[in-house]
Amino acid sequence: MEKGNEETVDSNNSRWKPDSSHLSPEWKLERLKHVSQVNPSGVDKKSNDDELEVELCNYTEVYNNEFIDHSFDFLSATATEREIHRFELREGDILFTKDSEDWEDIGVPAFVSEDLPGVLCGYHLFLSRPDEEVVFPEFLFWALNSRYVAFQFEGAATGVTRYGLTTRDVANAWIPYPPKPIQKIIVSYLNYQTRKIDRLYNQSEKLIQYLNERYSALITKSISNSQYRNSHTFGEDVGMSVNSDQPKIRHISKSVTSGPRSWAQYYNESSEAKFLRITNLQDNEIQLDLDDLKYVSPPNDSEAKRSRVQPGDILVSITANIGAVGIVPSDIGEAYVNQHIAVIRPPKSVLSKWIAYYLASHRGQYQLLQPVRGGTKDGLGLADVGNVRVPFPSISTQRSIVQNLDKERKRLEKLSSELESLLERLDEQRRALITKAVTGQIDLSDWQPPDKQETFA
84 MEKGNEETVD SNNSRWKPDS SHLSPEWKLE RLKHVSQVNP SGVDKKSNDD
134 ELEVELCNYT EVYNNEFIDH SFDFLSATAT EREIHRFELR EGDILFTKDS
184 EDWEDIGVPA FVSEDLPGVL CGYHLFLSRP DEEVVFPEFL FWALNSRYVA
234 FQFEGAATGV TRYGLTTRDV ANAWIPYPPK PIQKIIVSYL NYQTRKIDRL
284 YNQSEKLIQY LNERYSALIT KSISNSQYRN SHTFGEDVGM SVNSDQPKIR
334 HISKSVTSGP RSWAQYYNES SEAKFLRITN LQDNEIQLDL DDLKYVSPPN
384 DSEAKRSRVQ PGDILVSITA NIGAVGIVPS DIGEAYVNQH IAVIRPPKSV
434 LSKWIAYYLA SHRGQYQLLQ PVRGGTKDGL GLADVGNVRV PFPSISTQRS
484 IVQNLDKERK RLEKLSSELE SLLERLDEQR RALITKAVTG QIDLSDWQPP
534 DKQETFA
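In our numbering, each residue carries its 1-based index in the sequence shown increased by 83.
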């Protein structure tokens, strides 16, 4: 439903009906339950000895993919014969998400493109099995992808910390549809147009990935090339290879520590004190990502003092996403870290960014990850971080490399930002195109697919 034409949805009013004045006379407007079977799955991941072995298509497969086929590595489970009869996936079935912490993540559909014997619709999902006498399954899939339906699901969703749809909400959603010959044309049109958009989207994503990889390679190259310049470590000549002449982080730092455990009780979104987590550290980048922040009202104790960060502190992830590195900016204000992050505090006589860039380079990452390589450990200890050796070329060389890397980061960041904006526009364009097509707002009477061999999935 286009912005500006939105209506207030009363999800408890079964007599509510969206405006259909824009639909052509041959179009119909019916509730989903009249054009498709709709059932919530209760098949969970547990295995019971008295049930039959099956595989489950779960929430993540549906949420992350538009099409479901045999290529997925489905989860093994068990189910009763009745559950198998009701929820075994067939070609043309449509699965969509039932609940989530974000209302925008509910009602997300995926199309089953082939029969999948022994594979069942899993828990937290709805299974829609279209009445093919009335609608093509492909058309209903595109309709469920539209804003027209998403708007209804948004109005019907209930919850505070987790949003969900009831079977009644879903079954009573209104679906516009034309005669089947027109449905077929719309399906062909959307297959073609969305593929064009998706190709450009994928190319843009790859370009963003390339920019990130290029920056990561540049960090390593810059660090490595400094070995050919005048190198000094506290007055001693050293090479760039890791050796005993290079000082360990714990020997050149004021402290190497980590944050507190169990601070969830101090979460306070009205506080200005930031609580930094692993999600605030980025791959191939030393700048913190402060878009997703938690806030705390910390206790007045020694643990809080220990875990409060200062500008120039170097942060290292020591559990999940092990080895991610970040540097605390000068405008951080009051901020703390959790127990999953190590905090390195160099003295003012040491250039913090040099150490951070070194740790983010391939050489630094090799040392950081060495203790967990081989699977003998599932995380880094503070001693592991403290034992990493860092080469120090002359301070002028350090500053020159840091300045060049900062300059290149800003340039690549600008390009990435422009590409991210393009991705947002493409996503919006795709959704608007689908909505207009499945609500009869695009004249397709003369449209012919460029490729007559084009298929749906």
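Even glycine gets a Cβ: it sits at the ideal position worked out from N, Cα and C.
Counted within 10 angstroms of its Cβ, other Cβ atoms place residue i as buried (16 or more) or exposed
i	result
residue 461	exposed
residue 407	buried
residue 394	exposed
residue 293	exposed
residue 142	buried
residue 35	In this structure the chain extends from 84 to 540, so residue 35 is not present and cannot be described.
residue 486	exposed
residue 569	Within the shown structure, residues of the chain are numbered from 84 to 540, placing residue 569 beyond reach of any answer.
residue 103	exposed
residue 412	exposed
residue 447	buried
residue 228	buried
residue 416	exposed
residue 235	buried
residue 271	buried
residue 467	buried
Simplified DSSP assignment, three categories, for residue i
i	result
residue 201	strand
residue 101	coil
residue 247	strand
residue 363	helix
residue 161	strand
residue 449	helix
residue 234	helix
residue 476	strand
residue 120	strand
residue 346	coil
residue 308	helix
residue 254	helix
residue 180	strand
residue 136	strand
residue 285	helix
residue 290	helix
residue 92	Only weak support exists for where residue 92 lies, its pLDDT of 43 falling under 50; the value from the coordinates is given anyway. Three-state DSSP puts residue 92 in coil, outside helix and strand.
residue 211	strand
residue 87	Legend: pLDDT at residue 87 = 37, less than 50; position of this residue unreliable, value from coordinates given subsequently. If DSSP states are grouped into helix, strand and coil, residue 87 belongs with coil.
residue 318	Note on residue 318: pLDDT 33, under 50, position unreliable in the model; the coordinate value appears next. In this structure, residue 318 counts as coil in the three-state DSSP scheme.
residue 295	helix
residue 193	strand
residue 341	strand
residue 206	coil
residue 303	helix
residue 435	helix
Beta-carbon proximity of residue i to residue j, cut-off 8 Å
i	j	result
residue 126	residue 205	yes
residue 25	residue 230	Residue 25 falls outside the range modelled here, since the chain spans only 84 to 540, and no answer is possible.
residue 179	residue 151	no
residue 212	residue 124	no
residue 220	residue 523	no
residue 391	residue 340	no
residue 299	residue 367	yes
residue 224	residue 122	no
residue 261	residue 109	yes
residue 256	residue 218	no
residue 370	residue 409	yes
residue 280	residue 429	no
residue 514	residue 277	no
residue 207	residue 188	no
residue 269	residue 516	no
residue 253	residue 158	no
residue 455	residue 330	no
residue 532	residue 275	yes
residue 302	residue 520	no
8 Å contact criterion, which residue i and residue j should meet: CB distance rounded
i	j	result
residue 445	residue 361	That belief does not hold up - the Cβ atoms of residue 445 and residue 361 are roughly 21 Å apart, past 8 Å.
residue 469	residue 282	The pair is not a contact, with the Cβ atoms about 48 Å apart (cut-off 8 Å).
residue 359	residue 441	The pair is not a contact, with the Cβ atoms about 21 Å apart (cut-off 8 Å).
residue 397	residue 427	4 Å
residue 478	residue 509	Their Cβ separation, rounded to whole angstroms, is 46 Å, which puts residue 478 and residue 509 out of contact at 8 Å.
residue 153	residue 203	Between residue 203 and residue 153 the Cβ distance is about 14 Å, and since that is not below 8 Å, they are no contact.
residue 425	residue 364	Not really, about 11 Å apart at Cβ, beyond 8 Å.
residue 174	residue 197	5 Å
residue 506	residue 284	6 Å
residue 452	residue 401	Their Cβ separation, rounded to whole angstroms, is 11 Å, which puts residue 452 and residue 401 out of contact at 8 Å.
>> I'd like to know if the region 240 to 257 and the region 495 to 504 are in contact, where contact means that at least 3 CB-CB pairs between them fall below 8 Å.
In response: The region 240 to 257 vs the region 495 to 504: no contact.
>> Any contact between the region 130 to 141 and the region 162 to 169? By contact I mean 3 or more CB pairs, one from each, below 8 Å.
In response: With the cut-off at 8 Å, the region 130 to 141 and the region 162 to 169 touch.
>> Across the region 473 to 486 and the region 340 to 355, are there enough close Cβ pairs to call them in contact, namely three or more that are closer than 8 Å?
In response: No, the region 473 to 486 does not touch the region 340 to 355.
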